[in-house]
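Below you'll find the structure, written out as C-alpha cells, and then a few comments.
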Amino acid sequence: MHTKSLKGLTIPLISVLAGFIVGAILMLIFGYDPIQNYQNLLKGSLGGIYSIGETLRNMISLILTALGFAVASKAGFFNIGGPGQYLIGWFGAIVFTLKFSHLPAVILIIGALLCGALAGGLWSMIAGVLRAYFGTSEVITTIMLNYIILYLVNFAVKSWLASKGSDSSPNITTKANLNTPFLQHITDNSTFNWGFFIALAVVGLVWFYFKKTKSGFEIQAVGLNESASQYAGVNVKRTIIIAMLISGLLAGLGGAIDGLGNFENISVSNNLPNVGYNGMAVALLAAGNPIGIIFSALLFSALQIGGLSISVYSNTPSEIVDIVIASIIFFVGIKYAFELMTKKGWLKRKNKVVKGGAEK
Amino acid sequence: MSLTTILMTVFSTTFVYAAPLIFTALGGTFSERSGVVNVGLEGMMIIGAFGSTVFNLTFASTFGSLTPWISLFIGALFGLVFSLLHAVATVTFRADHIISGTVLNLMAPALAVFLTRVLYEGKGQTPVINQSMGNFTFPLLSKIPFIGKVLFTHTSLIAFIAIIVGILCWYFFFRTSLGLRMRSVGENPMAADILGINVVKYKYMGVLISGFMGGIGGAVMAQSITLNFSASTISGQGFMSLAAMIFGKWNPLGATGAALFFGLAQSLPIIGVYIPLLSHVNTVWFQIAPYAITIIVLVIFLGKAVAPAADGENYIKGK
Numbered sequence: 000m001h002t003k004s005l006k007g008l009t010i011p012l013i014s015v016l017a018g019f020i021v022g023a024i025l026m027l028i029f030g031y032d033p034i035q036n037y038q039n040l041l042k043g044s045l046g047g048i049y050s051i052g053e054t055l056r057n058m059i060s061l062i063l064t065a066l067g068f069a070v071a072s073k074a075g076f077f078n079i080g081g082p083g084q085y086l087i088g089w090f091g092a093i094v095f096t097l098k099f100s101h102l103p104a105v106i107l108i109i110g111a112l113l114c115g116a117l118a119g120g121l122w123s124m125i126a127g128v129l130r131a132y133f134g135t136s137e138v139i140t141t142i143m144l145n146y147i148i149l150y151l152v153n154f155a156v157k158s159w160l161a162s163k164g165s166d167s168s169p170n171i172t173t174k175a176n177l178n179t180p181f182l183q184h185i186t187d188n189s190t191f192n193w194g195f196f197i198a199l200a201v202v203g204l205v206w207f208y209f210k211k212t213k214s215g216f217e218i219q220a221v222g223l224n225e226s227a228s229q230y231a232g233v234n235v236k237r238t239i240i241i242a243m244l245i246s247g248l249l250a251g252l253g254g255a256i257d258g259l260g261n262f263e264n265i266s267v268s269n270n271l272p273n274v275g276y277n278g279m280a281v282a283l284l285a286a287g288n289p290i291g292i293i294f295s296a297l298l299f300s301a302l303q304i305g306g307l308s309i310s311v312y313s314n315t316p317s318e319i320v321d322i323v324i325a326s327i328i329f330f331v332g333i334k335y336a337f338e339l340m341t342k343k344g345w346l347k348r349k350n351k352v353v354k355g356g357a358e359k
Numbered sequence: 000m001s002l003t004t005i006l007m008t009v010f011s012t013t014f015v016y017a018a019p020l021i022f023t024a025l026g027g028t029f030s031e032r033s034g035v036v037n038v039g040l041e042g043m044m045i046i047g048a049f050g051s052t053v054f055n056l057t058f059a060s061t062f063g064s065l066t067p068w069i070s071l072f073i074g075a076l077f078g079l080v081f082s083l084l085h086a087v088a089t090v091t092f093r094a095d096h097i098i099s100g101t102v103l104n105l106m107a108p109a110l111a112v113f114l115t116r117v118l119y120e121g122k123g124q125t126p127v128i129n130q131s132m133g134n135f136t137f138p139l140l141s142k143i144p145f146i147g148k149v150l151f152t153h154t155s156l157i158a159f160i161a162i163i164v165g166i167l168c169w170y171f172f173f174r175t176s177l178g179l180r181m182r183s184v185g186e187n188p189m190a191a192d193i194l195g196i197n198v199v200k201y202k203y204m205g206v207l208i209s210g211f212m213g214g215i216g217g218a219v220m221a222q223s224i225t226l227n228f229s230a231s232t233i234s235g236q237g238f239m240s241l242a243a244m245i246f247g248k249w250n251p252l253g254a255t256g257a258a259l260f261f262g263l264a265q266s267l268p269i270i271g272v273y274i275p276l277l278s279h280v281n282t283v284w285f286q287i288a289p290y291a292i293t294i295i296v297l298v299i300f301l302g303k304a305v306a307p308a309a310d311g312e313n314y315i316k317g318k
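Quick note, the sequences are listed as chains A and B, same order. Here the first sequence stands for residues 0 to 359, numbered as in numbering that gives the first Met the number 0. Here the second sequence stands for residues 0 to 318, numbered as in numbering that gives the first Met the number 0.
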C-alpha cells in the first residue's frame, strides 16, 4: 500500500518541499531572507497578468523538451540531446521564416514550426539509428551531438544568416511572430504567445499516443523489455528509431516556438541552451507523465521567472532558484532514501500502536 | 615562421588545452571502472575551477608564485567534496547514475555562480588572477637539439605532470591489487562481494577520486586558460573529457592519448592560421572534430562491449 502511494504524488511533493528547504537553508547561511525571497518569487512569477504571461510563455519550451525527454525514456532511453535538438529546431524555424518570408502568415508559421520540429527529430534520429543498429549508447551520442550542433549552428548563423561582422541573424518578419498584438494587449505586453496552446495540444497528443495507439504501446513495451517485445513481434529497431525521432521532434518544436514567439532571431552562443537540461528536470519530476509535466513545468517556470525578480527586489543572487531546481531533482533521484524512511517510519508507528496497546 | 617554431607552438598549445582534459578523463575512468557512470564530470570541473580561483585570488599575496599549484589542490578538494553528492546518491541511495550526474551538472554552475556573487559583490564573475600557470622551460631537456626546442621549451608543465599521472593511473589499475579490486567491482560486483571486497567502499573511492581529478581538471582550466571564474569558464570540457575516456576505452593510457588528441583539435583553430595547409580549413571543423570522432569511434570500433560490464548498474546486496 505504502509503496503504491509513494509512486504517486508523494515523492515529487516531498522532493519539491525538500528542494525549497535546501534553498532556504542556503539563503539563511549567507544572510538572505528566505521568506521574503520566496514571497518575491511568487509575486514575480504569478503576482500579476504580466508575470503570469511570462511564466506561461516560459512553460512552453519546458513542456515540449520535457515531453521529448519523456518519450525517449518511455522507450528506455536517456535522451540528453534536448539542448541540441531545441537549438536546431530554433535554427530551423528561423531559417525557414527568413527564407520564405513572402509566404502568407499562416503557412509561414506552420512551415517554420514543422521545419524546426523536423530538424530536431532528424538530429535526434541519428542517435536512434546508431542505437538500433550498432548498440551505441544514446547517452554518449546525444551529448556529442549537442556540441556538434552547437558549433554547426554558430557557424551557420555567423557565416550565412548574419550580416558581416554581426553575431545575430536578422529579425523575422512580424507576421510570423507568435506573440501577436492581441496577446500582448491582454497580457500587459508579456511575451506570452500562441505557442502555449500548441504545447498544451501536444501534451494531449502525446497522452493519446501512449494510451491509445499501437506505436505508442510498442515504445513502452520496448522500454519495459526489449527481448520480450522482439519475441512478441515488435520491430524493436524501428521502434527505437521512432521513439528518438518523436523525442527530437518535440524538443525541436520547443525551439521553433521559442524562436518565433520569443527570440525572433538566432545568435551565436558559447553555451548550449539551458532549457534542454531544465526540460529533463521537468520530465524527471513528473516521472514522464504528460499531464504531470504541465504542473512540473509550471513549477519550474515560475521558479525561473520569479527568480529574476528575486535579484531585483533584494541582493540575493537569482542562481538560488537553479540550486532549488537541481536539489529537487536530486531528491527525486534518491527516492530510494524516502522509501527507506517511510518503511522505517511505518514500522515505528506500528510498534508504537502495539506498545500503546500493551500499556493499557 | 620556421618549422621548429610552428611545431613548438603546436605542441605547447596542444599541451595547454589537453591538460585539463587529461585529468578529468582520468577521473572519469576511476568512477566508471568502479561501476558508476559519470556524466557529471562537467559539474565537477566547474566546482574545481571555482574553488581554485577563489583560493588563488585570496591567497596570491601569501603564497606568491606557488599559489596556482596550491590552488590545484584546493580545486581538487572542492571537486572531491562535490562528488560526494554523486557517490551518496548512486551508491547509497541507488539513484539512476545519469540522473545524479545531470544533477551535478545542473547544481555546479548554479552553486558556483551563486557563491561568486556572494563573494564578489554580486558580480557573476571573479576578477582575473595574477598568479597563473605560466609556461615552463625544462632545464636540461630543452638543450636537446630540435626536440628540446619543440617539446620542452615554453611549454605547459602541468600537461607533462598530467601525462605522468596518466601512466601512474594505468599502473594502478593494471598492476596493483587495489586497482584490480576496483575494476572487479565495476565488472562484477556480486563476484567481488563474495570474494570479500567491500563493493561500497570501492565505488565511493572511484567516485571521489573522479571528483578529485575532475576538480584538478577544472582548476587547471581556470589557472592556465581562462584565468578567472565565470559561468562560461567550463563550457563543454567535462563532456569532452567524458568523450576522451570513452575514446580511450576506459583505459587511463587511452584516455590520456585521446585527451591529447582532443587538445590538438582545440588548439588547431588557434594555430591553424600559421600552418599553410590548415589555414583554409574553417575552424568549425576543428571544433566539432572531438565529438564527431568519438561517435565514429563508438560506432565503428567499439559497439557497447567495452565499458565495464556493470557500469551504471546499482549493486543491491542479496539480489
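Glycine included, each C-beta is placed from N, C-alpha and C at the ideal position.
| Check | Outcome |
| --- | --- |
| Can you give me, in chain order, the residues of the segment 215-234 of chain B that have a beta carbon less than 7 angstroms from any beta carbon in chain A? | 231 and 234 |
| I think residue 266 (chain B) touches residue 12 (chain B), with their Cβ atoms under 8 angstroms apart; what is that distance to the nearest whole Å? | 4 angstroms |
| Label residue 96 (chain B) either buried or exposed according to how many other C-beta atoms from any shown protein chain fall within 10 Å of its C-beta, with 16 as the threshold for buried. | buried |
| Tell me whether the segment 54-70 of chain A and the segment 79-99 of chain A touch, counting them as touching only if at least three CB pairs, one residue from each stretch, are closer than 8 angstroms. | yes |
| Using only the alpha-carbon positions, how far apart do residue 121 (chain A) and residue 61 (chain B) sit? | 56 angstroms |
| Would you check if there are 3 or more beta carbon pairs closer than 8 angstroms linking the segment 111-121 of chain A to the segment 292-312 of chain A? | no |
| Runs of 4 residues minimum, wholly inside the segment 270-343 of chain A: which ones carry the alpha helix (DSSP H) assignment? | 274-284, 289-312 and 319-332 |
| Can you say whether residue 136 (chain A) is buried or exposed, counting buried as having 16 or more other CB atoms within 10 angstroms of its CB? | buried |
| Between which two residues does the alpha helix (DSSP H) harbouring residue 96 (chain B) extend? | 96-118 |
| Take residue 176 (chain A) as the anchor and find which of A:272, A:259, A:164 and A:287 has the nearest alpha-carbon. | A:259 |
| Would you say residue 335 (chain A) lies against chain B (beta-carbon separation less than 7 angstroms)? | yes |
| Do residue 194 (chain A) and residue 256 (chain A) count as a contact pair if the criterion is CB distance below 7 angstroms? | yes |
| How many angstroms separate the CA atom of residue 271 (chain A) from the CA atom of residue 17 (chain A)? | 28 angstroms |
| Taking DSSP's pairing of strands, which residues face residue 135 (chain B) in a bridge? | B:154 |
| Can we say the segment 109-122 of chain B touches the segment 316-327 of chain A, given the rule of at least three CB pairs closer than 8 angstroms? | yes |
| Taking only the alpha-carbon atoms, compute the straight-line gap between residue 59 (chain A) and residue 200 (chain A) and give it to the nearest angstrom. | 11 angstroms |
| Rank A:219, A:285 and A:100 by C-alpha distance to the C-alpha of residue 75 (chain A) and give the top, closest one. | A:219 |
| Distance, Cα to Cα, residue 204 (chain B) vs residue 249 (chain B)? | 17 angstroms |
| Excluding sequence positions up to five away, which residues of its chain have a Cβ less than 6 angstroms from the Cβ of residue 24 (chain B)? | 240, 243, 244, 254 and 258 |
| At a Cβ threshold of 7 angstroms, is residue 164 (chain A) touching chain B? | no |
| Whose CA, out of B:151, B:120 and B:99, lies closest to the CA of residue 15 (chain B)? | B:151 |
| Rounded to a whole number of angstroms, what is the C-alpha to C-alpha distance between residue 275 (chain B) and residue 7 (chain B)? | 16 angstroms |
| Once the 5 residues before and after residue 29 (chain B) are set aside, which same chain residues still bring their CB inside 6 angstroms of it? | 205, 208 and 209 |
| Counting pairs of Cβ atoms below 8 angstroms between the segment 155-170 of chain B and the segment 25-44 of chain B, do you hit three or more? | yes |
| Would you list the one or two residues that DSSP bridges to residue 167 (chain A)? | A:266 |
| Can you look up residue 130 (chain B) in the DSSP assignment and give me helix, strand or coil? | coil |
| Using a Cβ-Cβ cut-off of 6 angstroms (strictly less than) and excluding sequence neighbours within five positions of residue 209 (chain A), which residues of its own chain qualify? | 215 |
| Does the segment 185-194 of chain B come close enough to the segment 53-72 of chain B to have 3 or more Cβ pairs within less than 8 angstroms? | no |
| Is the segment 39-53 of chain A touching the segment 285-294 of chain A in the sense that three or more CB pairs, one from each, lie closer than 8 angstroms? | no |
| So for residue 124 (chain B), helix, strand or coil by DSSP? | coil |
| Using only CA atoms, which one of B:163, B:119, B:70 and B:49 lies nearest to residue 231 (chain B)? | B:49 |
| If the criterion is Cβ atoms closer than 7 angstroms, does the pair residue 221 (chain B) and residue 52 (chain B) meet it? | yes |
| Cβ atoms of residue 228 (chain B) and residue 20 (chain B): under 7 angstroms apart, would you say? | no |
| Once you ignore the five residues that flank residue 277 (chain A) on each side, which residues in its own chain have a CB closer than 8 angstroms to its CB? | 61, 64, 299, 303 and 324 |
| Might you give, ordered along the chain, the residues of its own chain that have their beta carbon closer than 7 angstroms to the beta carbon of residue 144 (chain A), omitting 5 neighbours on each side? | 80, 83, 122, 125 and 126 |
| Give the residues from the segment 307-332 of chain A that approach chain B closer than 7 angstroms (Cβ to any Cβ), ordered along the chain. | 314, 316, 318, 319, 321, 322, 324, 325, 328, 329 and 332 |
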